[in-house]
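Heads up, the thing below is written out as structure tokens.
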Amino acid sequence: MATIIVDNRSYTVDERKNLLAACLGVGLNLPYFCWHPAMGSVGACRQCAVKQFKDDHDPSGRLVMACMTPASQGTRISIDDPDAKAFRASVIEWLMVNHPHDCPVCDEGGECHLQDMTVMTGHVYRRYRFPKRTHRNQSLGPFIRHEMNRCIQCYRCVRFYRDYAGGRDLNVFGAHDALYFGREQDGTLENEFSGNLVEVCPTGVFTDKTLFQHYTRKWDLQSAQSICSHCSLGCNTTVGERYGIVRRIMNRFNSQVNGYFLCDRGRFGYGYVNSDKRIKRALVRPALDRTKPAQPEGVPQVLEIIGERLRRVRGIIGIGSPRASLEANAALRSLVGPQQFFLGVDEQEHRLLSTILSILRTGPVPSASIHDAEQSDAVFVLGEDLLNNAPRLALALLQSVRQQPMERVDELKIPRWDEAAVCNAVQSRRGPLFMAGHRQTWVHEYATDSYFAAPDDIARLGFAVAGRIGPDAPSVPDLTNDVRDLAQRIADALTRAQQPLIIAGTGSGSQATIEAAANVAWALHQHGKQTRLSFVVPESNSVGLALLGGGRLHDAFDSISQQKADTVIVLENDLYRRAEQAKVDAFLETAQTVIVIDSLEQRTAAHADVLLPAATGPESDGTLVNQEGRAQRFYQVFVPDGDITDSWRWLRDLARAKSPEADGVTGVATWNTFDDAVSATAATASELARIGEVAPPASFRVVGQKVPRQPDRYSGRTSMLSHLTVHEPPPPPDPDTPLGFSMEGYRGPLPSPLISQFWAPGWNSIQAVNKYQDEVGGPLRDEMPGLRLIEPVATKAPCWFTAIPPAFQPTLHQWLFLPLSAVFGGEELSNRSPAIAERISEPFLSLHPSDGARLSLEDQVTIELALQGMTYRLAVHLESSTPMGTAGISLGYDASGVRVPVWVDLFKAIKTGHRRRVA
Amino acid sequence: MKPLCYIHDLLLGLWIVFKRTFTKPVTVQYPEERPYLPPRWRGRIVLTRDPDGEERCVACYLCAVACPVDCIALQATDNPNAHERRYPEFFRINFSRCIYCGHCEEACPTNAIQLIPDFEQSEYARRNLIYEKEDLLISGTGKYHDYNFYRVAGVKTRDKDKRQGEHELPPVDVRSLMP
Chain B
1 MATIIVDNRS
11 YTVDERKNLL
21 AACLGVGLNL
31 PYFCWHPAMG
41 SVGACRQCAV
51 KQFKDDHDPS
61 GRLVMACMTP
71 ASQGTRISID
81 DPDAKAFRAS
91 VIEWLMVNHP
101 HDCPVCDEGG
111 ECHLQDMTVM
121 TGHVYRRYRF
131 PKRTHRNQSL
141 GPFIRHEMNR
151 CIQCYRCVRF
161 YRDYAGGRDL
171 NVFGAHDALY
181 FGREQDGTLE
191 NEFSGNLVEV
201 CPTGVFTDKT
211 LFQHYTRKWD
221 LQSAQSICSH
231 CSLGCNTTVG
241 ERYGIVRRIM
251 NRFNSQVNGY
261 FLCDRGRFGY
271 GYVNSDKRIK
281 RALVRPALDR
291 TKPAQPEGVP
301 QVLEIIGERL
311 RRVRGIIGIG
321 SPRASLEANA
331 ALRSLVGPQQ
341 FFLGVDEQEH
351 RLLSTILSIL
361 RTGPVPSASI
371 HDAEQSDAVF
381 VLGEDLLNNA
391 PRLALALLQS
401 VRQQPMERVD
411 ELKIPRWDEA
421 AVCNAVQSRR
431 GPLFMAGHRQ
441 TWVHEYATDS
451 YFAAPDDIAR
461 LGFAVAGRIG
471 PDAPSVPDLT
481 NDVRDLAQRI
491 ADALTRAQQP
501 LIIAGTGSGS
511 QATIEAAANV
521 AWALHQHGKQ
531 TRLSFVVPES
541 NSVGLALLGG
551 GRLHDAFDSI
561 SQQKADTVIV
571 LENDLYRRAE
581 QAKVDAFLET
591 AQTVIVIDSL
601 EQRTAAHADV
611 LLPAATGPES
621 DGTLVNQEGR
631 AQRFYQVFVP
641 DGDITDSWRW
651 LRDLARAKSP
661 EADGVTGVAT
671 WNTFDDAVSA
681 TAATASELAR
691 IGEVAPPASF
701 RVVGQKVPRQ
711 PDRYSGRTSM
721 LSHLTVHEPP
731 PPPDPDTPLG
741 FSMEGYRGPL
751 PSPLISQFWA
761 PGWNSIQAVN
771 KYQDEVGGPL
781 RDEMPGLRLI
791 EPVATKAPCW
801 FTAIPPAFQP
811 TLHQWLFLPL
821 SAVFGGEELS
831 NRSPAIAERI
841 SEPFLSLHPS
851 DGARLSLEDQ
861 VTIELALQGM
871 TYRLAVHLES
881 STPMGTAGIS
891 LGYDASGVRV
901 PVWVDLFKAI
911 KTGHRRRVA
Chain G
1 MKPLCYIHDL
11 LLGLWIVFKR
21 TFTKPVTVQY
31 PEERPYLPPR
41 WRGRIVLTRD
51 PDGEERCVAC
61 YLCAVACPVD
71 CIALQATDNP
81 NAHERRYPEF
91 FRINFSRCIY
101 CGHCEEACPT
111 NAIQLIPDFE
121 QSEYARRNLI
131 YEKEDLLISG
141 TGKYHDYNFY
151 RVAGVKTRDK
161 DKRQGEHELP
171 PVDVRSLMP
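In the order they appear, the protein sequences are chains B and G. Just so it is clear: in the first sequence, position 470 is 470 by my numbering, and no numbers are missing. Just so it is clear: in the second sequence, position 43 is 43 by my numbering, and no numbers are missing.
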């Protein structure tokens, strides 16, 4: 720590920071544009000028850029010095010379860093009355709007897009005062993290196109913490709502999870909440007659009908969901009983999840958060397509390759925040990142070595690496020379690292790769390394569901077909995504009563005898457990219309309807508030015991007050409902959380899950997050970053996994079908969002060119493929990265029913006569 | 002494009444007789149009946030196929809450929302005091005749390309290397 003197007051700061970060960290206001806590300093905008003095006898001092000056011991500066103030005011006046007068129609207005900084410098009156520069805008796809007139040339966009997120199609063009930040020509921004430009851009050059379509200012958004439900990473988001419509998603800083950035699926995937395919009313078939379509019915009547049926049934089974909250699943488990509760995941996923859990429970190596992944100095990915299955983790890996070259930077005594100097010192050096998989993405450009092979071969590589690292780990004898050398290189790189990270997952459907990853991690642990393991799982609460525990899906099918039960409750799940169509059809047909609780119309819901409208994430409270084993709370943002309510409340009502007499009621029927649900859920499994500590309980108050979800300048209170009623109904009560659906309540420092939006006096933009941290870029004050439920207890590796698969052998007629997921289109809910839907690519089949030649298929032809009883129309992609003898299948929207990996005879499966050249 | 005081007050009162009998009364016979209201009188709120006849309101929400009684609610929308301008999808003022403070007019960056010298808004039912956009939008420019936001804002609309506004240079040719 160092002591610096700012305007004759001394502060203790971290000497590894620059002056700007140090000043912001101690709560001082200093304007800046080009600096970003995650991207370091380049000193481009000259806005953070302060006066530095040699010592206390130095009368004149000199102007320095705070972001480019280290906060070394005894540094004496002045922010309030008249020269520094005048300098900063001049800089902003120059920037404003060409800035247009369009704040009223600018989507950034009201949360604009440029507005904030302009006010902060005191430049309140424009003297410039002459012509302004203009630019042509570009059409940048469904996510981002472009208005280049507003640009202030801070370079943050290209530094984020190209240097941080690995994008290639955004750049800076032109010269002098005519710089242009955009693409070479109009077109969709291809990078999966392009949405962060909205937050990174200090002004309105890049704005959220989905927000534009139903534009609302920041001050009108009712907001609360949410956890992204579109992949297993559990990134924290802030959801904003107005007039019952979710308006946008912004990143919510969590030092352990997503930091400052989100992926585009998470940011723009919210449209499903506003979808016209939402189920809004409780529906029931008249007299539960299968031949009649379900009709809307009043909730009491529906519950009466169900209650009567439930009292007479032979047995009820419940099918849970990896995308529903822990509480909803626990409610179903309590209603039907643990023996009749089945995880709503397919067979293979069930097996892989249990393997992953047992590895994390019994092994000595802890799971990695995204933050850990960023800090890792060597990474080995086994068979997981991170960019498409867990995009934010792929972004973390792009940062991890910067870790090892930092040794050189430290050697040269370059401060790590000095981005330009760091880049110069690092040049093209990258830390070790080994990626083994069956599909190539642009992230492979960052890999030290890439290995494209079938899952069995990838597992063998993993086992071979483990065998080389751990002396007693099983090794693979019969490897080819290439693979042996590669295994040696990987083993060497991992043993040299301090914090190696091994990543695997369920994405390729291979148990062996997961076991191999565990072996590698455990072998590294034997070497005394701070090893971490990360397993990517399919959905937002897959791990939570597995922790809760339940039967397999085929047992559920059996219990109906064997007449052990005749009624099934399906919770937020489309079974057609989990098993083959014929099986699901038979199951739903045989079951006497099918009760479905879900939020969107889907195929299982279409078979429901009783359909109950469930609340989506932003409409309910709940706890999700991410792939790391971190439990996080999401809060209800707004009260939905119609009969929509939390799934656990429906299940509670079903339980009450089942046994209407008040005495002797147990289990879910006794739950009244969300806290009841949490404490009952915590009691179901020992690992869930602490989920109540994830966020403050509903009784939490500050000075006796609840916490408002609405900002203090929320407008239109007395007229937003006045066309319906002039009586101004009171805000809806919220018995479940410490938050209120109102503007009234406590405003001030809060535990992080309760912060509605990041906002501080003078800091209206998302950059206000600085004001919530003790140290810029560090954890939030009073941060509750979620609770890790699985920590290793073992100190030694349990017995090694020894089931080394034989090498993959391509066969003459059969191809091993492997799943290819897609960042846009690979997830059920985000697919229903219009912006994401625009980015979903056509379904395709990926083959090795030589396999394509054998099948006499050319690149880009369309084929019809019969697979597991369905016929799919697919484009053929011939890619040399697809392992020979395998075929990658990406079904886009329709990612359902198809069980892969599976061996398929392509000569038979491809219907001839339908081969057609695509233009 | 007291009776004397009473008599004095009585006579004084009579004298004042007598004197006023010969002065002009200040009351007017409203509604037959209309008072003069200055143009900047803060009465009924209207939404005006720019000199080209397009809606001036760009749905920036500043009037709504400036309103101390929160009686303005609106929703922005945009029709890229029509005039490519942002405008309010709905615009509602609850006049039963309005205090005619004029903050909305002061906040308005486009001179769209204006308070006019009309105070005759009394209704028997409160719901009749809820004014929607069609009740608010007038055909003229109101008090400010010349101002057209899109002429000075720099953004492109259907009727105005970049460079066609005031103080706008032609769009930059990024491929040019000329100094």
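Note that the Cβ used here is the ideal one computed from N, Cα and C, for glycine as well. Bear in mind the structure is a predicted one, so any value in this text is a computation, not a measurement.
Contacts that residue i makes with chain B (C-beta to C-beta distance below 8 Å)
| i | result |
| --- | --- |
| residue 167/G | 129, 130, 131, 132 |
| residue 93/G | 719 |
| residue 72/G | 715, 716, 719 |
| residue 62/G | 104 |
| residue 162/G | 134, 135, 136, 149 |
| residue 126/G | 726 |
| residue 101/G | In chain order: nothing, as chain B lies at least about 14 Å away. |
Classification of residue i by the beta-carbon crowding that lies within 10 angstroms, buried from 16 upward
| i | result |
| --- | --- |
| residue 914/B | For residue 914/B, the predicted structure reports a pLDDT of 47, less than 50, and the residue's modelled location is therefore unreliable. The matter cannot be settled from this model. |
| residue 693/B | exposed |
| residue 917/B | Any reading at residue 917/B must be qualified, since the residue scores a pLDDT of 48, below 50, and its modelled position is unreliable; the value itself is stated next. It is exposed - the Cβ of residue 917/B has fewer than 16 other Cβ atoms within 10 Å. |
| residue 764/B | buried |
| residue 176/B | exposed |
| residue 704/B | exposed |
| residue 908/B | exposed |
| residue 100/B | buried |
| residue 825/B | buried |
| residue 122/B | exposed |
| residue 34/B | buried |
| residue 115/B | buried |
| residue 29/G | exposed |
| residue 770/B | buried |
| residue 919/B | Note that residue 919/B scores a pLDDT of 39, beneath 50, so its modelled location is shaky; the value from the coordinates is reported in the next line. Exposed, because fewer than 16 other Cβ atoms sit within 10 Å of the Cβ of residue 919/B. |
Chain G residues whose Cβ lies nearer than 8 Å to that of residue i
| i | result |
| --- | --- |
| residue 147/B | 155 |
Residue j beta carbon less than 8 Å from that of residue i
| i | j | result |
| --- | --- | --- |
| residue 83/B | residue 51/B | yes |
| residue 85/G | residue 54/G | yes |
| residue 905/B | residue 884/B | no |
| residue 333/B | residue 341/B | yes |
| residue 398/B | residue 446/B | yes |
| residue 36/B | residue 200/B | yes |
| residue 888/B | residue 812/B | no |
| residue 690/B | residue 756/B | no |
| residue 133/G | residue 37/G | no |
| residue 260/B | residue 253/B | yes |
| residue 47/B | residue 92/B | yes |
| residue 655/B | residue 667/B | yes |
Cβ distance (whole Å) where residue i is taken to contact residue j below 8 Å
| i | j | result |
| --- | --- | --- |
| residue 380/B | residue 569/B | Between residue 569/B and residue 380/B the Cβ distance is about 42 Å, and since that is not below 8 Å, they are no contact. |
| residue 497/B | residue 468/B | Residue 497/B to residue 468/B, Cβ: 15 Å. No contact. |
| residue 60/B | residue 2/B | Not a contact, Cβ separation roughly 24 Å. |
| residue 204/B | residue 150/B | 5 Å |
| residue 271/B | residue 834/B | 5 Å |
Contacts that residue i makes with chain G (C-beta to C-beta distance below 9 Å)
| i | result |
| --- | --- |
| residue 173/B | 174, 175 |
Interface residues of chain B facing residue i [CB-CB closer than 7 Å]
| i | result |
| --- | --- |
| residue 96/G | 726 |
Within chain B, partners of residue i - CB distance below 9 Å
| i | result |
| --- | --- |
| residue 75/G | 214, 215, 216, 242, 243 |
Any beta strand (DSSP E) of 3 or more consecutive residues that is wholly inside the segment 594 to 643 of chain B:
610 to 613, 622 to 625, 630 to 634
In chain order, each alpha helix (DSSP H) run of at least 4 residues that lies wholly inside the segment 65 to 103 of chain B
82 to 97
Ignoring anything shorter than 3 residues or poking outside the segment 804 to 857 of chain B, list the beta strand (DSSP E) runs there in chain order.
814 to 819, 844 to 847
Runs of beta strand (DSSP E) lying entirely within the segment 364 to 394 of chain B, each at least 3 residues, in chain order:
378 to 382
Can you list the alpha helix (DSSP H) stretches of 4 or more residues lying completely in the segment 289 to 325 of chain B, in chain order?
299 to 312
Which full runs of the beta strand (DSSP E) of 3+ residues lie inside the segment 760 to 811 of chain B, going along the chain?
none
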